[in-house]
Ligand SMILES: [Fe+2]
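This is the structure in structure tokens:
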């Protein structure tokens with residue numbers, strides 16, 4: 008496995024770049040906006056292809072690199088389903104698996120620091136976001152934080168992992184880089200409590216100042232999705248209701264860009280072609296399946312995904328490839344469901 012821990016000094020944030028092999032797909036966890044050039048340089052040097060950018064939660068202390076990475080690499084942006092970030096390409100829930108070629112991370116919902124906090128588990132390590140830090144825990148006094156939930160997330164979930172599991176947090180302010188579950192159970196001062204009430208008491212009396220960046224970072228991080236507006240301005244967006252009225256028309260080809268796990272969880276618009284977003288480029292270039300379909304049948308390509316972000320990027324890519332009838336369903340399956348569009352399992 009290729010693994011890099013990257014540090015942003017200004018916010019004390021750790022970001023993690025993972026891939027299974029040189030030349031393969033990569034994902035990054037908790038990227039910081041100011042460091043995007045550095046990440047992309049490294050991705051290039053290691054001969055990787057960034058396909059997913061993931062935030063463990065909505066950050067209050069730095070602006071996320073998710074939007075910039077998406078704009079520059081066309082990667083998929085990923086967060087938990089509770090997040091208030093406006094558009095994230097893919098939303099994960101507890102029990103899901105976050106995958107790229109050759110790697111699979113188990114997704115566990117670990118609220119408490121915020122109500123959209125997730126941890127990602129691999130056989131030998133866990134990325135804990137701000138839920139569990141090295142000799143500390145993430146504060147619980149804003150962004151719907153809840154010390155009681157955090158206690159459950161830590162004692163009920165994270166500390167149940169094997170003792171030797173490496174702990175990689177989203178932050179450190181003292182210079183520590185990695186710990187283990189066993190070490191934290193034994194020596195993390197916040198975890199030496201006898202009851203949930205004692206933990207709640209401890210967390211409610213920390214009296215921390217608000218993070219310096221909070222008033223800037225939180226609103227910025229809630230507005231990650233900008234792609235759809237531009238695509239709509241160019242007239243390439245159909246509202247879910249309009250798309251519904253085109254159902255069954257012979258000149259429309261519906262294309263589902265989501266991954267299998269998302270299709271299984273939310274259903275698919277009947278009659279859709281399945282072209283997961285990572286395979287799109289191959290499919291729209293000359294000789295590719297969608298390219299041939301659009302050229303030989305004059306069918307209009309109607310892309311959709313979960314929330315409209317991947318499909319907005321797909322429309323742009325298809326238009327760039329000369330497929331000038333390509334459009335997408337604004338808001339994706341989420342909007343389709345709200346418009347009472349039919350779904351097949
Ligand atoms: Fe945080």
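Residue numbers (my numbering): 8 to 352. A virtual CB, placed ideally from N, CA and C, is assigned to each residue, including glycine.
Item, Value
"Same chain only: Cβ atoms within 6 Å of residue 64, ignoring 5 sequence neighbours per side", "121, 123, 124, 136"
"Where the beta strand (DSSP E) through residue 311 begins and ends", "307-311"
"Where the beta strand (DSSP E) through residue 126 begins and ends", "125-128"
"Same chain only: Cβ atoms within 8 Å of residue 183, ignoring 5 sequence neighbours per side", "141, 142"
"Under the three-state DSSP convention, the category residue 322 falls into", "helix"
"Three-state secondary structure assigned by DSSP to residue 254", "coil"
"Chain-ordered list of residues that sit, by beta carbon, closer than 6 Å to a heavy atom of ligand 1", "64, 66, 67, 120, 137, 145"
"Identity of the residue in 69, 319, 35, 150 nearest residue 56 by Cα", "35"
"Residue 108 to residue 202 span [Cα, whole Å]", "42 Å"
"Beta-carbon gap between residue 105 and residue 61 smaller than 8 Å", "yes"
"Residue ranges of each alpha helix (DSSP H) within the region 144-169, 4 or longer", "154-158"
"Close beta carbons around residue 232, own chain, < 6 Å, minus the five adjacent residues each side", "93, 94, 316"
"Span of the beta strand (DSSP E), counted from its first residue to its last, around residue 13", "9-15"
"Residue 283 vs residue 264 beta-carbon contact at 8 Å", "yes"
"Buried or exposed by the 16-neighbour rule on C-beta atoms within 10 Å, applied to residue 138", "buried"
"Sequence-distant residues of its chain with Cβ nearer than 7 Å to residue 192 (five each side left out)", "166, 198"
"Extent of the continuous alpha helix (DSSP H) to which residue 113 belongs", "Residue 113 -> not in any alpha helix (DSSP H); beta strand (DSSP E) instead, spanning 110-116."
"Whether residue 291 touches residue 330 by CB criterion (8 Å)", "yes"
"C-beta atoms of residue 250 and residue 340 nearer than 8 Å", "no"
"C-alpha gap between residue 224 and residue 216, whole angstroms", "15 Å"
"Residue 229, DSSP secondary structure in three states", "helix"
"Candidates 350, 239, 344, 288, of which the one nearest residue 325 by Cα", "288"
"Where residue 104 sits in the DSSP three-state scheme", "strand"
"Residue 3 - DSSP class collapsed to helix/strand/coil", "For the chain, the structure presents residues 8 to 352; residue 3 sits outside this window and is missing."
"Cα-Cα separation between residue 40 and residue 145, rounded to whole angstroms", "21 Å"
"Reduced DSSP secondary structure (H/G/I, E/B, other) of residue 7", "Here the chain has residues from 8 to 352 only, and residue 7 is not among them."
"Identity of the residue in 160, 147, 8, 82 nearest residue 111 by Cα", "8"
"Contact check, residue 269 vs residue 97, beta carbons under 8 Å", "yes"
"Distance between beta carbons of residue 13 and residue 27, contact taken as under 8 Å", "Rounded, the Cβ-Cβ distance is 18 Å, inconsistent with contact."
"Beta bridge counterpart(s) of residue 86 as assigned by DSSP", "98"
"Contained beta strand (DSSP E) runs [length at least 3] in the region 264-313, N- to C-terminal order", "307-311"
"Distance, residue 78 Cα to residue 71 Cα", "13 Å"
"Spatially closest choice to residue 314 from 162, 158, 244, by CA coordinates", "244"
"C-beta contact flag for residue 102 and residue 85 at 8 Å", "no"
"Residue 238, DSSP secondary structure in three states", "helix"
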